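Numbered according to this note's numbering, the sequence shown spans residues 188 to 405. Please read the structure below before turning to the comments.
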Amino acid sequence: MKSEISIVIADDHPVFRQGLRQIIEMEPGLKVVGEARDGAAALQMIQELKPDIVVLDINMPNLKGFDVAREIQQQGLKVGIIFLTMYDDERMFNQALNVGALGYLLKDSAISDIAGSVRAVAAGQHFISPAISRYLINRSNRSTVLSEKTPRLNDLTPTELRVLKLIAENKTSKEIAAQLFISYRTVENHRTNICQKLDIHGSNALIKFALEHKFDLP
Numbered sequence: 188m189k190s191e192i193s194i195v196i197a198d199d200h201p202v203f204r205q206g207l208r209q210i211i212e213m214e215p216g217l218k219v220v221g222e223a224r225d226g227a228a229a230l231q232m233i234q235e236l237k238p239d240i241v242v243l244d245i246n247m248p249n250l251k252g253f254d255v256a257r258e259i260q261q262q263g264l265k266v267g268i269i270f271l272t273m274y275d276d277e278r279m280f281n282q283a284l285n286v287g288a289l290g291y292l293l294k295d296s297a298i299s300d301i302a303g304s305v306r307a308v309a310a311g312q313h314f315i316s317p318a319i320s321r322y323l324i325n326r327s328n329r330s331t332v333l334s335e336k337t338p339r340l341n342d343l344t345p346t347e348l349r350v351l352k353l354i355a356e357n358k359t360s361k362e363i364a365a366q367l368f369i370s371y372r373t374v375e376n377h378r379t380n381i382c383q384k385l386d387i388h389g390s391n392a393l394i395k396f397a398l399e400h401k402f403d404l405p
C-alpha cells in the first residue's frame with residue numbers, strides 16, 4: 188500500500204462532506220485531495236486527480252453515485268470505490284458491489300468507519316458497515332447456492348462472468364464491448380460460449396438467466 192492514500196469525497200451536503208474530511212485528515216497517511224458536490228464534478232476530479240479512493244454518496248445531482256461508478260469502470264479508471272448511503276437496503280447494496288464498489292457505509296456510522304474503510308479498500312479488501320455485514324454473507328451464500336445449482340457456472344472464464352453480469356444490467360453487446368474495451372464480435376462470441384457452457388437455449392434465455400440471478404452471480 189502507498190505511504191499516503193489520496194481521497195476524493197463526493198456528497199451534495201457540504202456540512203457532512205466537511206465533517207468527513209476533518210475525520211479523514213486526522214488519520215496519518217490519509218489525504219483528501221478534492222471535494223465534489225455532484226456526480227459530474229466527482230468524475231472530473233477522478234479523471235484529473237487520479238485519487239486512490241473515491242467516497243461517493245449514492246444520491247447526488249447530475250450523476251448518481253452508481254452512474255459515476257459505471258463511468259469509472261467504462262473508462263478503466265484505477266480508483267477504489269466506497270459508497271455512502273442513508274438507506275439500509277440489500278438490493279442497493281448488491282447493486283453497489285455489482286458496479287465495482289469494495290466499500291459500503293451507512294451514513295450514520297460513516298464518521299466512525301470511514302478511516303478503516305479507506306485503508307481496507309486501498310488494500311483491495313471489502314469494508315461494509317457492521318450493521319449490514321449480513322448482506323455480504325447473504326450474497327456469498329446465494330452465490331454458493333447458484334454455483335451448486337448451476338455447476339457449469341464454474342466453467343466460465345472471468346471475462347465471461349463479467350459479460351454475464353453486464354447482461355444482467357441490461358447492457359447491449361455494443362455497450363458491453365465499449366465497457367470492456369473489446370470488439371462487438373468478441374462479446375457475441377462470449378455470449379455464445381456462455382450459452383453453450385450453461386446449456387442455455389433460445390434467443391432470450393441468456394438474458395432471462397442473467398436477470399433472474401443478477402444479485403447472485405459470483
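Cβ atoms here follow ideal geometry from the backbone N, Cα and C, with glycine treated the same way. Since this is a predicted model, take the numbers as computed values, not measurements.
Neighbourhood of residue i by C-beta distance below 7 Å, restricted to the same chain and skipping five residues each side
i, result
"residue 354", "393, 394, 397"
"residue 214", "302"
Spatially closest choice to residue i from the options, by CA coordinates
i, options, result
"residue 197", "364, 226, 298", "226"
"residue 233", "268, 249, 199", "268"
"residue 259", "370, 304, 287, 351", "287"
"residue 374", "339, 360, 291", "360"
"residue 216", "231, 202, 229, 194", "194"
"residue 242", "262, 263, 314, 278", "314"
"residue 228", "250, 346, 352", "250"
"residue 205", "285, 298, 282", "298"
"residue 207", "237, 305, 376", "305"
"residue 316", "389, 380, 277, 346", "277"
"residue 368", "387, 346, 281, 404", "346"
Residue i versus residue j - alpha carbon distance
i, j, result
"residue 300", "residue 307", "11 Å"
"residue 223", "residue 191", "21 Å"
"residue 221", "residue 235", "10 Å"
"residue 289", "residue 255", "15 Å"
"residue 340", "residue 230", "34 Å"
"residue 218", "residue 279", "28 Å"
"residue 350", "residue 363", "7 Å"
"residue 311", "residue 291", "14 Å"
"residue 264", "residue 309", "14 Å"
Contacting residues, own chain, Cβ-Cβ under 8 Å from residue i (five flanking each side not counted)
i, result
"residue 358", "366"
"residue 318", "275, 293, 296"
Other residues of its chain near residue i: CB distance less than 6 Å, five sequence neighbours each side excluded
i, result
"residue 245", "252, 270, 272"
"residue 247", "199, 225, 226"
"residue 344", "none"
"residue 261", "366"
Neighbour-count burial assignment, residue i, 16 or more Cβ in a 10 Å radius
i, result
"residue 212", "exposed"
"residue 239", "buried"
"residue 321", "exposed"
"residue 370", "exposed"
"residue 378", "buried"
"residue 391", "exposed"
"residue 202", "exposed"
Residue i CB to nearest heavy atom of the ligand ATP below 6 Å
i, result
"residue 236", "In the structure on display, the ligand ATP does not appear, and there are no ligands present to speak of."
CB-CB length for residue i against residue j, believed under 8 Å
i, j, result
"residue 342", "residue 384", "5 Å"
"residue 399", "residue 285", "Not quite, the Cβ-Cβ distance comes to about 15 Å (not below 8 Å), so this is no contact."
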